[in-house]
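Numbering (our numbering), first residue to last: 10 to 380. Note that beta-carbon positions come from the ideal geometry of N, C-alpha and C, so glycine has one too. Note that the structure is predicted; figures quoted are calculated from it, not measured. Down below is the structure, laid out as structure tokens.
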Ligand code: 13P
Ligand code: 13P
Ligand code: MG
Ligand code: MG
């Protein structure tokens, strides 16, 4: 059997209301378009999901990553959902479709893309993570902890098949460069980069050569698209998605989910301009409304079966994440009490692509030399 490709492609094509959620009509429209592609045999399977105001298309096929035919299907789906959003006058209809016409690859056109091609194992657990009101760097901490932190992933200590560690592909998303780093040997260097999460983001994780899994096939991938770089101005945050494979030489499912028990601080939230805690929540709770947040993450769990998506299981619906959610709510109150002050509001350099520079420009001529 040839390799399977899993493509998770997402876009905000209209919020209901404001930036809170996706209207069911958009989901129906997306399912209609993807059903046709499945009937035609292009897709093996698909699931349409939503996190906040982001429409999420999870697709399986045999065509590989960066494949024009698959990206064209996703683009067509977003265009048709946008038409639906416009007919309902939803907020920011077509927000993330930054180009007029599809040009062969959806990357750089607004939508977020996480894709990987691999040999499906005898049992292939897969988690699709979807975040709203934050940016790609929000995945740095949890992906690092899954594949590199022995205090998170017991398998790194007690399972010989994980002992060698993993290779991290890290992108400098400002300079458009990438570097491959080996963990645990280069752990401190990796952290030196990815702690600066607005610039250095984990793009993929690979197994090392000589292990259970082929070293050229990724085991995790994150969408790293930055909208403002395409649009040249703030048009919403780059709400990211990720795919992570689990078990049998990889972190167990529970080790993949464990980093989200922290409710770590991420940037995004109101107007994409604030730091706040990331709340892991059930699908039905992924409607960020308090100050357009706090930022959310949902996790859809599947077993792959010859490319069929057996699922989803709503993984953060577990009551064991209740305490995390309570803590996130307390931190939400505390952060909100700071109003417009940093570090609730993002530092100035991160505000460069928001509407704040317009305010500062209006004040510029009032400034006079200080003694
Ligand atoms: P408005 O200027 O339309 O209120 O938009 C603010 C906003 O939601 C930023 O994305
Ligand atoms: P989205 O990036 O989810 O569209 O949110 C934008 C925003 O400005 C929320 O306040
Ligand atoms: Mg939006
Ligand atoms: Mg969004």
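| query | Can we count residue 21 as close to ligand 2, meaning its CB is less than 7 angstroms from some heavy atom? | reply | Position 12 of the chain shown, counting from 1, holds the residue named residue 21. The answer is yes for residue 21.
| field | Alpha-carbon spacing of residue 90 relative to residue 179, whole angstroms | value | Counting from one through the chain shown, the residue named residue 90 turns up at place 81. Counting from one through the chain shown, the residue named residue 179 turns up at place 170. Whole-angstrom Cα-Cα distance: 33 angstroms.
| task | Would you give the residue range spanned by the beta strand (DSSP E) that residue 209 belongs to? | result | Start at 1 with the first residue of the chain shown, and residue 209 comes out as number 200. Run containing residue 209: 209-216, per the beta strand (DSSP E) assignment.
| field | residue 316 CB to nearest heavy atom of ligand 3 below 7 angstroms | value | Taking the first residue of the chain shown as 1, we reach residue 316 at position 307. No; taking the cut-off as 7 angstroms, the Cβ of residue 316 has no heavy atom of ligand 3 nearer than that.
| task | Tell me whether residue 28 counts as near ligand 3, meaning its Cβ is closer than 7 angstroms to at least one heavy atom of that ligand. | result | Residue numbering aside, residue 28 sits at position 19 when the chain shown is read from its first letter. Residue 28 Cβ: within cutoff of ligand 3.
| query | Is the distance from the Cβ of residue 294 to the Cβ of residue 21 below 8 angstroms? | reply | Translated into the one-based positions of the chain shown, residue 294 becomes position 285. Translated into the one-based positions of the chain shown, residue 21 becomes position 12. No.
| field | Contact check, residue 381 vs residue 311, beta carbons under 8 angstroms | value | Only positions 10 to 380 of the chain appear in this structure, which leaves residue 381 out of reach.
| Does the Cβ-Cβ distance between residue 357 and residue 282 come in under 8 angstroms? | Taking the chain shown and counting its residues from 1, the one referred to as residue 357 is at position 348. Taking the chain shown and counting its residues from 1, the one referred to as residue 282 is at position 273. Not a contact, by the Cβ cut-off of 8 angstroms.
| query | Any idea which residues DSSP pairs residue 16 with across the strands? | reply | If you number the chain shown from 1, residue 16 lands on position 7. According to DSSP, residue 16 bridges with 68 and 124.
| request: Hey, could you find the ends of the alpha helix (DSSP H) residue 153 is sitting in? | output: On the chain shown, residue 153 is found 144 positions in, with the first residue counted as 1. Its alpha helix (DSSP H) spans residues 149-157.
| query | Taking 7 angstroms as the cut-off, does the CB of residue 359 come closer than this to any heavy atom belonging to ligand 3? | reply | If you number the chain shown from 1, residue 359 lands on position 350. No, ligand 3 has no heavy atom inside 7 angstroms of this Cβ.
| Who pairs with residue 284 in a beta bridge, going by DSSP? | For this step, residue 284 is matched to residue 275 along the chain shown. Per DSSP, 276.
| said: Here's the rule: buried if 16 or more other CB atoms are within 10 angstroms of the residue's CB, otherwise exposed. What is residue 141? | reply: The residue labelled residue 141 in the question sits at position 132 within the chain shown. Residue 141 comes out buried.
| said: Would the stretch 332-341 count as touching the stretch 30-37 if we require 3 or more Cβ pairs under 8 angstroms? | reply: no
| Between residue 121 and residue 24, what straight-line distance do the alpha-carbon atoms span, to the nearest angstrom? | Within the chain shown, the letter at position 112 stands for residue 121. Within the chain shown, the letter at position 15 stands for residue 24. Straight-line Cα distance between these residues: approximately 17 angstroms.
| task | Return yes when the C-beta of residue 348 is under 7 angstroms from any heavy atom of ligand 2, and no when it is not. | result | Your numbering for residue 348 matches position 339 in the chain shown. Answer for residue 348: no, Cβ out of range of ligand 2.
| request: Following the continuous alpha helix (DSSP H) through residue 95, name the residue where it begins and the one where it ends. | output: By one-based count along the chain shown, residue 95 stands at place 86. Its alpha helix (DSSP H) spans residues 77-96.
| message | Within the continuous alpha helix (DSSP H) that includes residue 316, where are the two ends? | response | Here residue 316 refers to the residue found at position 307 when the chain shown is read from its first residue. Counting along the chain, residue 316 falls outside any alpha helix (DSSP H), and DSSP gives it neither H nor E.
| Taking 7 angstroms as the cut-off, does the CB of residue 235 come closer than this to any heavy atom belonging to ligand 4? | Working through the chain shown from its first residue, we reach residue 235 at position 226. Because no heavy atom of ligand 4 lies under 7 angstroms away, the Cβ of residue 235 does not count as near it: no.
| task | Report yes or no: do the stretch 272-289 and the stretch 358-367 share at least 3 C-beta pairs separated by less than 8 angstroms? | result | yes
| Closer than 7 angstroms: is that where the CB of residue 280 sits relative to any heavy atom of ligand 1? | The residue you call residue 280 lines up with position 271 of the chain shown. Indeed, a heavy atom of ligand 1 lies less than 7 angstroms from the Cβ.
| query | Along the chain, where does the beta strand (DSSP E) that runs through residue 56 open and close? | reply | As a first step, residue 56 must be located in the chain shown, where it is residue number 47. Residue 56 -> beta strand (DSSP E) spans 54-60.
| request: Using the Cα positions of residue 65 and residue 155, report the straight-line distance between them to the nearest angstrom. | output: Position 56 of the chain shown holds residue 65. Position 146 of the chain shown holds residue 155. Spanning the two alpha carbons is a distance of roughly 23 angstroms.
| message | Which residue marks the beginning of the beta strand (DSSP E) containing residue 139, and which one marks its end? | response | Within the chain shown, residue 139 is the residue found at index 130, counting from 1. Counting along the chain, the beta strand (DSSP E) containing residue 139 begins and ends at 133-141.
| request: Following the continuous alpha helix (DSSP H) through residue 253, name the residue where it begins and the one where it ends. | output: Taking the first residue of the chain shown as position 1, residue 253 is located at position 244. Premise fails: residue 253 lies in the beta strand (DSSP E), 250-254, not in any alpha helix (DSSP H).
| Taking the alpha carbon of residue 187 as the point to measure from, which residue in 193, 162 and 214 has its own alpha carbon closest? | Residue numbering aside, residue 187 sits at position 178 when the chain shown is read from its first letter. Out of 193, 162 and 214, 214 has the C-alpha closest to the C-alpha of residue 187.
| Is DSSP giving residue 146 helix, strand or coil here? | Counted from its first residue, the chain shown places residue 146 at position 137. The answer is helix: DSSP assigns residue 146 an H, G or I state.
| field | For residue 190, three-class secondary structure by DSSP | value | Here residue 190 is taken as the residue at index 181 of the chain shown, counted from 1. Reduced to three states, the DSSP call for residue 190 is strand.
| field | Of the residues 17, 376, 374 and 199, the one placed nearest residue 230, counting alpha carbons only | value | Here residue 230 is taken as the residue at index 221 of the chain shown, counted from 1. Comparing Cα-Cα distances from residue 230 to each of 17, 376, 374 and 199, the minimum goes to 17.
| message | Is residue 33 close to chain D? Criterion is C-beta to C-beta, closer than 8 angstroms. | response | Within the model displayed, chain D is absent; a lone protein chain is all it includes.
| query | Going by the C-beta, is residue 62 closer than 7 angstroms to any heavy atom of ligand 4? | reply | Taking the chain shown and counting its residues from 1, the one referred to as residue 62 is at position 53. Yes; taking the cut-off as 7 angstroms, the Cβ of residue 62 has a heavy atom of ligand 4 nearer than that.
| query | With DSSP run on the structure shown, which of helix, strand or coil describes residue 307? | reply | Reading the chain shown from its first residue, position 298 is the one you call residue 307. Strand.
| message | Could you check whether the Cβ of residue 248 sits closer than 7 angstroms to any heavy atom belonging to ligand 2? | response | Your numbering for residue 248 matches position 239 in the chain shown. Yes, ligand 2 has a heavy atom inside 7 angstroms of this Cβ.
| field | N- and C-terminal bounds of the beta strand (DSSP E) containing residue 229 | value | Here the question's residue 229 lines up with position 220 in the chain shown. Note, residue 229: beta strand (DSSP E), 229-231.
| Nearest-angstrom Cα separation, counted from residue 26 out to residue 301 | For the purposes of this step, residue 301 is taken as residue 292 along the chain shown, with counting starting at 1. For the purposes of this step, residue 26 is taken as residue 17 along the chain shown, with counting starting at 1. Cα to Cα, the separation comes out at about 11 angstroms.
| said: Counting C-beta neighbours from all protein chains within 10 Å, is the total for residue 212 16 or more, i.e. buried, or is it exposed? | reply: By one-based count along the chain shown, residue 212 stands at place 203. So residue 212 counts as buried.
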